[in-house]
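Novice: This is the structure I have questions about; it appears just below.
Number of protein chains: 2
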Amino acid sequence: MKTRIDMDVEMYLPVVREQMSKLVRFSDGEWAVISKHLRLMTLKKKAHFTRSGEVCGHLGLILSGSLRLYHLKDGEDRTGYFGLPNDFVSSYKSFLKHEPGIPSIQALEDTVLITLSYLSFQDLLIHPVTAHKMERFARLIAENMIFCYEDRMEGFVSESPAERYETLLKKKPAIVQQVPQYYLANYLGITATSLSRIRKRISVPAK
Amino acid sequence: MKTRIDMDVEMYLPVVREQMSKLVRFSDGEWAVISKHLRLMTLKKKAHFTRSGEVCGHLGLILSGSLRLYHLKDGEDRTGYFGLPNDFVSSYKSFLKHEPGIPSIQALEDTVLITLSYLSFQDLLIHPVTAHKMERFARLIAENMIFCYEDRMEGFVSESPAERYETLLKKKPAIVQQVPQYYLANYLGITATSLSRIRKRISVPAK
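Each protein sequence line maps, in turn, to chains A and B.
Counting from 1 along the first sequence, just add 1 to a position and that's the residue number in the numbering used here.
Counting from 1 along the second sequence, just add 1 to a position and that's the residue number in the numbering used here.
Put into structure tokens, the structure is as follows:
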């Protein structure tokens, strides 16, 4: 089920550089150092990027496919977030501290990622050519994750399930096509039936 | 109620440098640049560090006193976290994006902080003397905030209120002395009566 292949990443590098440049613009010299550390990872549908209790060894950038982060509570899944193409993904505390993490991250469909390992991440943070820019890159990654956490917490505190669904649609319109209803409802903390009712209501404009 | 005084910060600088050096060790030259940007802020009990709907203009390091971050939902408070001495505090998304934030942060008692303004933060990130180390400092601040968010989410997903209380005690033993019962219960998502029952049970060792 699970395949992690370090294929030739050459063909993906321009896309990855473009995505990373939305956070930090790397010079050709810096990029030459960084790109040597990048690996391609492919995950079959339902394979795990990381499992609860494992050290999450990678920071990933999703090229195609989708993932979801979830927790298990009393045998039940609770979905924490979805990763779609161009999203960075990791069980970040586990990755940064290099210690076993609690959440699991699983591919919702066949998924391709570019990854940076923990050791590569540490190397680039002290490499004389990349140190400064990598600090910035890692800062912006962390800050963007904080924005996600704050938004999600806000959603639970101040929005109804219907409002949370609409906010999600606004931010990630592709999610409805890409993520099964069941997981969307799970993420919103409602039943699939309630989500279906909400969707019907939203698709009919108010008179 | 609210007093923000830019007093002479000289006397606090060694303490602040010591605290910041737990994240990044600054040289004397770097510290000379950074310390010029630091200001002292004093908040009377119940005064706000930031209010919902305001731009949170500062990142603070608590020197004495305590704060709590909360959201208002249907007229009710929901406590998100507590800041105790040596903790960094901010409505971080609002601070970083320089846009109005949703949470409020309020002093639980008379509180003294050292603060860095948004503009100072931006200046130090591009100042030739401090840029690299400030990127690292800001990265580590953001990463530590992620650890807090992940821990809190984990607590709600996988621990009972009693376990969440014990985890909190382990991480921040001072919190019981410093934070009123009412807010502790509110943070744990339980009633003050339930918290009182939990505390009684914990103080009696299991036979």
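Yeah, the Cβ is synthetic: ideal placement off N, Cα and C, and Gly gets one too.
Nothing here was measured: the structure is a model prediction, and the numbers come from that model.
Need the endpoints of the alpha helix (DSSP H) that Ser121 (chain A) sits in, please.
Specialist: Its alpha helix (DSSP H) spans residues 119–127.
Novice: So, helix, strand or coil for Val1 (chain B), using DSSP?
Specialist: Limits of chain B in this structure are 2 at one end and 208 at the other, which puts residue 1 (chain B) out of reach.
Novice: Starting from the C-beta of Lys3 (chain B), find all residues in its chain whose C-beta is less than 8 Å away, skip the five residues before and the five after it, and write them out in chain order.
Specialist: The predicted position of Lys3 (chain B) is uncertain, since its pLDDT is 47 and thus under 50; a value taken from the coordinates is nonetheless stated next. Excluding residues within five positions, the ones whose Cβ falls inside 8 Å are Leu44, Lys45, Ala48, His49.
Novice: Below 8 Å, how does it come out for the stretch 94–104 of chain A and the stretch 55–62 of chain A: are there three or more Cβ pairs, yes or no?
Specialist: At 8 Å Cβ cutoff, the stretches touch.
Novice: Counting pairs of beta carbons, one from the stretch 110–124 of chain B and one from the stretch 165–178 of chain B, are three or more of them closer than 8 Å?
Specialist: Flag = no, the stretch 110–124 of chain B and the stretch 165–178 of chain B do not touch.
Novice: Give me the Cα-Cα distance between Tyr166 (chain B) and Asp88 (chain B), rounded to the nearest whole angstrom.
Specialist: Approximately 19 Å, taken between the alpha carbons.
Novice: Out of B:Ser197, B:Thr168, B:Tyr188, B:Ala139, point me to the one whose CA is closest to Met21 (chain B)'s CA.
Specialist: Selected option, being the one with the closest Cα: B:Ala139.
Novice: If you run the structure through DSSP and keep just helix, strand and coil, what is Val34 (chain B)?
Specialist: Helix.
Novice: Does the beta-carbon of Ala69 (chain A) have 16 or more other beta-carbons within 10 angstroms, so that it is buried, or is it exposed?
Specialist: Per the sequence shown, the amino acid found at residue 69 (chain A) is Arg instead of Ala. Buried, since its Cβ has 16 or more Cβ neighbours within 10 Å.
Novice: Which residues in chain B have a C-beta closer than 7 Å to the C-beta of Leu97 (chain A)? List them in chain order.
Specialist: By Cβ distance, chain B contributes Glu144.
Novice: Run down chain B in chain order and give the residues with a C-beta less than 9 Å from the C-beta of His72 (chain A).
Specialist: Residues of chain B passing the Cβ test: Met154, Glu155, Val158, Ser159.
Novice: Would you say Glu164 (chain B) faces chain A, with C-beta separation under 9 Å as the test?
Specialist: Judged by the 9 Å Cβ criterion, Glu164 (chain B) is not in contact with chain A.
Novice: Gly81 (chain B) to Pro181 (chain B), Cα distance in whole Å?
Specialist: Distance between the alpha carbons of Gly81 (chain B) and Pro181 (chain B): 15 Å.
Novice: Go through its chain and collect everything with a Cβ distance to Leu1 (chain B)'s Cβ below 6 Å, but skip five positions before and after it.
Specialist: No statement about residue 1 (chain B) is possible, as the shown extent of chain B runs from 2 to 208 and does not include it.
Novice: How would you list, in chain order, the residues of chain B whose beta-carbon sits under 7 Å from the beta-carbon of Phe89 (chain A)?
Specialist: Correct list: empty, because the minimum Cβ distance to chain B is about 13 Å.
Novice: So does the stretch 152–162 of chain B actually touch the stretch 182–202 of chain B, counting three or more Cβ pairs closer than 8 Å?
Specialist: The answer is yes - the stretch 182–202 of chain B touches the stretch 152–162 of chain B, with three or more Cβ pairs under 8 Å.
Novice: Scan the stretch 60–147 of chain A and note each continuous alpha helix (DSSP H) run of 4 residues or more that stays entirely inside, going in chain order.
Specialist: The stretch 60–147 of chain A contains these whole alpha helix (DSSP H) runs: 93–98, 119–127.
Novice: Which whole-angstrom value describes the C-beta separation of Ile115 (chain A) and Leu185 (chain A), a residue pair presumed to lie in contact below a C-beta threshold of 8 Å?
Specialist: No, Ile115 (chain A) and Leu185 (chain A) are not in contact; Cβ-Cβ is about 26 Å, not under 8 Å.
Novice: Taking CB distances under 9 Å as the criterion, tell me whether Ala186 (chain A) reaches chain B.
Specialist: No, because no Cβ of chain B sits closer than 9 Å to the Cβ of Ala186 (chain A).
Novice: I'd like to know whether the C-beta of Lys201 (chain B) is nearer than 9 Å to at least one C-beta of chain E.
Specialist: The displayed structure is made up of protein chains A and B, and chain E is not among them.
Novice: Determine the contact status of Leu14 (chain A) and Ser36 (chain A), defining contact as a CB-CB distance below 9 Å.
Specialist: A contact, by the Cβ cut-off of 9 Å.
Novice: Out of B:Gly76, B:Glu151, B:Phe148, B:His133, which has the shortest C-alpha to C-alpha gap to Val158 (chain A)?
Specialist: The residue with the shortest Cα to Cα distance from Val158 (chain A) is B:Gly76.
Novice: Within 10 Å of its beta-carbon, does Asp7 (chain B) have 16 or more other beta-carbons around it, so buried, or fewer, so exposed?
Specialist: Interpretation of Asp7 (chain B) is limited by its pLDDT of 49, a score under 50 that renders its predicted location unreliable; no figure is taken from the coordinates.
Novice: Tell me Leu41 (chain B)'s beta-bridge partners as DSSP assigns them.
Specialist: Answer by DSSP bridge pairing, in chain order: B:Ile115.
Novice: Using 9 Å as the limit for Cβ to Cβ distance, is Lys172 (chain B) near chain A?
Specialist: Not closer than 9 Å to any Cβ of chain A, the Cβ of Lys172 (chain B) fails to qualify, so no.
Novice: Just how far apart, CA to CA, sit Ile63 (chain A) and Arg52 (chain B)?
Specialist: Whole-angstrom Cα-Cα distance: 37 Å.
Novice: List, in chain order, every chain B residue whose beta-carbon is nearer than 8 Å to that of His133 (chain A).
Specialist: Under the 8 Å cutoff, chain B gives Ala132, His133, Glu136.
Novice: What are the start and end residues of the beta strand (DSSP E) that includes Thr51 (chain B)?
Specialist: From DSSP, the beta strand (DSSP E) with Thr51 (chain B) extends over 49–51.
Novice: Is the beta carbon of His133 (chain B) less than 9 Å from the beta carbon of Ala132 (chain A)?
Specialist: Yes.
Novice: Should Gly30 (chain B) be flagged as near chain A, meaning a C-beta pair shorter than 9 Å?
Specialist: Output row for Gly30 (chain B): interface = no.
Novice: Against Glu19 (chain B), what residues of chain A qualify as contacts under a CB-to-CB distance less than 8 Å, listed in chain order?
Specialist: Within chain A, no residue comes near Glu19 (chain B); the closest Cβ sits about 22 Å away, beyond 8 Å.
Novice: For Tyr71 (chain A), count neighbouring C-beta atoms within 10 Å of its own C-beta (all shown protein chains included) and say buried if the count is 16 or more, exposed if not.
Specialist: Classification for Tyr71 (chain A): buried.
Novice: Please list, in chain order, the chain B residues whose beta carbon lies closer than 7 Å to that of Ala139 (chain A).
Specialist: The answer, in chain order, is Arg140.
Novice: Taking the continuous alpha helix (DSSP H) assigned at Pro174 (chain A), which residues delimit it?
Specialist: Careful: Pro174 (chain A) lies outside any alpha helix (DSSP H) and carries neither H nor E.
Novice: Do you know offhand how far Leu85 (chain B)'s Cα is from Ala108 (chain B)'s?
Specialist: Taking the straight line joining both Cα atoms gives about 10 Å.
Novice: Can you round the beta-carbon distance between Tyr183 (chain B) and Ile147 (chain A) to whole angstroms, since I take them to be within the 8 Å contact cut?
Specialist: Their Cβ separation, rounded to whole angstroms, is 28 Å, which puts Tyr183 (chain B) and Ile147 (chain A) out of contact at 8 Å.
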